[in-house]
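Take a look at the structure below.
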Amino acid sequence: TVPVTSTGDRPLTKEDLETIMRLADGTALLISTRGAVSGSRYLLDEDEITVGRDPSADILLDDSTVSRAHAVFRRLNGRYCVIDAGSLNGTYVNRQRVDQQELKNGDEIILGKFRLVYFDNKAVIAS
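Numbering-wise, the numbering used here comes out as the position in the sequence shown, counting from 1, plus 623.
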């Protein structure tokens, strides 16, 4: 297991680390590292969370590079996976285009020009 120390382009802040350590079982956190919402955090705590440009999306990423209904984060057996919702520009995990991918700590999800890094409460935090 590799210790988590950053969100790709930037080190984790003290606040990021504290939030990750407090995550309840079956929940996860996305930290935005690129795009207009860089630095934003999104709690995954429902069985299904929609992401897209549509104002009704659970996570709104308002940019033309993101489809109105771009992706879905789905909880299965206490773990999250990301599922592409037929987006034009695709959904990528660690720079590989995916239709569906189970997520693990430190995975980078790319949706249009946005980059989100995934963490759950099983993250091994380097001190």
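By construction, the Cβ of each residue, glycine as well, lies at the ideal position given by its N, Cα and C atoms. Here the structure is a predicted model, which is why all the values come from computation and not from measurement.
Pick from the options that is closest to residue i, judged by C-alpha positions
| i | options | result |
| --- | --- | --- |
| ILE643 | VAL674, CYS704, ASN728 and SER690 | ASN728 |
| LEU667 | ASN712, ASN717 and TYR703 | TYR703 |
| LEU739 | ARG698, ASP722 and ILE682 | ILE682 |
| PHE742 | ILE733, VAL660, ASP677 and TYR665 | TYR665 |
| ASP670 | LEU653, ARG657, LEU699 and ASP685 | LEU699 |
| ILE654 | LYS736, LYS745 and ILE732 | ILE732 |
For residue i, the three-state DSSP class (helix, strand or coil)
| i | result |
| --- | --- |
| THR756 | It is not possible to answer for residue 756, since the shown part of the chain is limited to 624 through 750. |
Extent of the continuous beta strand (DSSP E) to which residue i belongs
| i | result |
| --- | --- |
| LEU684 | Per DSSP, LEU684 belongs to no beta strand (DSSP E) and is neither H nor E. |
| LEU711 | LEU711 -> no beta strand (DSSP E), and no H or E assigned at all. |
| THR673 | 671-675 |
| ARG664 | 664-667 |
| ALA692 | From DSSP, ALA692 is part of no beta strand (DSSP E); its letter is neither H nor E. |
| THR656 | 651-657 |
Buried or exposed (CB count within 10 angstroms, at least 16 for buried), residue i
| i | result |
| --- | --- |
| SER679 | exposed |
| SER690 | buried |
| ARG676 | buried |
Cross-strand partners of residue i (DSSP beta bridge)
| i | result |
| --- | --- |
| LEU699 | ARG702 |
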